[in-house]
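*Asks:*
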Amino acid sequence: MNIVKINDNDKTKYMDLLLIADEQVSMIEKYLYRGDMFALYDDGDDDVRAICVITQEQADTFELKNIVTVPKYQRKGYGQKFIAFIVDYYNKSGSELYVGTGDSPAILRFYEKCGFVKSHIVKNFFVDNYDHAMYEDGQQLIDMIYLKRDL
Ligand SMILES: CC(C)(COP(=O)(O)OP(=O)(O)OC[C@H]1O[C@@H](n2cnc3c(N)ncnc32)[C@H](O)[C@@H]1OP(=O)(O)O)[C@@H](O)C(=O)NCCC(=O)NCCS
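Below, the structure is given as structure tokens:
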């Protein structure tokens, strides 16, 4: 496995993947250039498996703003390995890692499997901040559920 940091100039090459996790370009642009982007590759080829973007929100607090595993490579453990890498990468710089997500049981299960616990809710985040209604497994996304884990 090989994880590389992506330069600012190359970040937009991954926009199609970023849009799988966060459906609006203007929302992605709010964190893309102030965040670190990483891409995960597996041994033996140059096919990207997963990408993520992490921002620093406070002196000791980081936030996972976007993580996506290329659909054909999902459920093969890449997401979990990526989170383990992120925790290892930032644990000397901070103490907590947050992530915000819609109220989707599958995604919440993923984060809980990765050691996150529920933290707080931002009411109406998705209806207040996006220009269209979004759905996950047939359910409209309304509130942002924040989870956190120790770094
Ligand atoms: C969330 C996501 C990044 C997970 O990546 P992944 O590489 O598929 O995750 P992993 O294979 O490491 O999964 C680890 C564990 O999380 C849980 N999990 C992952 N995806 C799940 C799903 N769709 N339903 C239920 N549990 C799931 C499982 O317990 C899984 O372990 P298992 O396969 O041994 O049962 C991926 O599904 C994705 O890219 N989704 C679309 C983008 C997105 O919604 N991103 C999050 C935005 S907040």
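Under my numbering, the very last position in the sequence shown is 152; numbers go up by exactly one each time.
Cβ coordinates follow ideal geometry from the N, Cα and C atoms, glycine included.
Because the structure is a prediction, the values reported are computed rather than measured.
Below 7 Å CB to CB, which residues in the same chain sit around Arg35 once its five sequence neighbours on both sides are set aside?
*Replies:* Excluding sequence neighbours, Arg35 sits near Thr56.
*Asks:* Compute the Euclidean distance between the alpha carbons of Ser27 and Thr62, then round it to the nearest angstrom.
*Replies:* For Ser27 and Thr62, the distance between alpha carbons rounds to 24 Å.
*Asks:* For ligand 1, any of its heavy atoms closer than 6 Å to the Cβ of Thr70?
*Replies:* Yes, the beta carbon of Thr70 sits closer than 6 Å to at least one heavy atom of ligand 1.
*Asks:* Can you tell me where the beta strand (DSSP E) with Glu97 in it begins and where it stops?
*Replies:* Unbroken beta strand (DSSP E) run through Glu97: 97 to 102.
*Asks:* Considering Lys114, what are the terminal residues of the alpha helix (DSSP H) in which it resides?
*Replies:* Here the alpha helix (DSSP H) through Lys114 covers 106 to 114.
*Asks:* Nearest by alpha-carbon distance to Val128: which of Arg76, Met145, Asn3, Ser120 is it?
*Replies:* That would be Met145, whose Cα lies nearest to the Cα of Val128.
*Asks:* Does the segment 112 to 120 come into contact with the segment 136 to 152, if we say contact requires no fewer than three beta-carbon pairs (one atom in each stretch) closer than 8 Å?
*Replies:* Contact between the segment 112 to 120 and the segment 136 to 152 is present, because at least three Cβ pairs lie under 8 Å.
*Asks:* Looking at Ile21 and ligand 1, is the gap between the Cβ and the nearest heavy atom below 6 Å?
*Replies:* The answer is yes for Ile21.
*Asks:* Verify whether the separation of the beta carbon atoms of Met135 and Glu24 is less than 7 Å.
*Replies:* Yes, they are a contact pair.
*Asks:* Could you give the first and the last residue of the continuous beta strand (DSSP E) run that contains Tyr147?
*Replies:* It spans 145 to 151 - the beta strand (DSSP E) in which Tyr147 sits, taken as one unbroken run.
*Asks:* Is the closest heavy atom of ligand 1 to the C-beta of Gln59 under 6 Å?
*Replies:* No - ligand 1 has no heavy atom lying nearer than 6 Å to the Cβ of Gln59.
*Asks:* Please state whether DSSP places Lys30 in a helix, a strand or coil.
*Replies:* According to the sequence shown, residue 30 is Glu rather than Lys. DSSP places Glu30 in helix when its eight states are reduced to three.
*Asks:* Would you please state the rounded distance, in angstroms, between the beta carbons of Gly80 and Phe111? I believe it to be under 8 Å.
*Replies:* The Cβ separation is near 6 Å, so the contact holds.
*Asks:* Following the continuous alpha helix (DSSP H) through Val128, name the residue where it begins and the one where it ends.
*Replies:* From DSSP, the alpha helix (DSSP H) with Val128 extends over 126 to 130.
*Asks:* Compute the Euclidean distance between the alpha carbons of Phe83 and Arg50, then round it to the nearest angstrom.
*Replies:* Rounded to whole angstroms, Phe83 to Arg50 spans 10 Å at the Cα level.
*Asks:* Go ahead and pull the three-state DSSP assignment for Ala134.
*Replies:* Coil.
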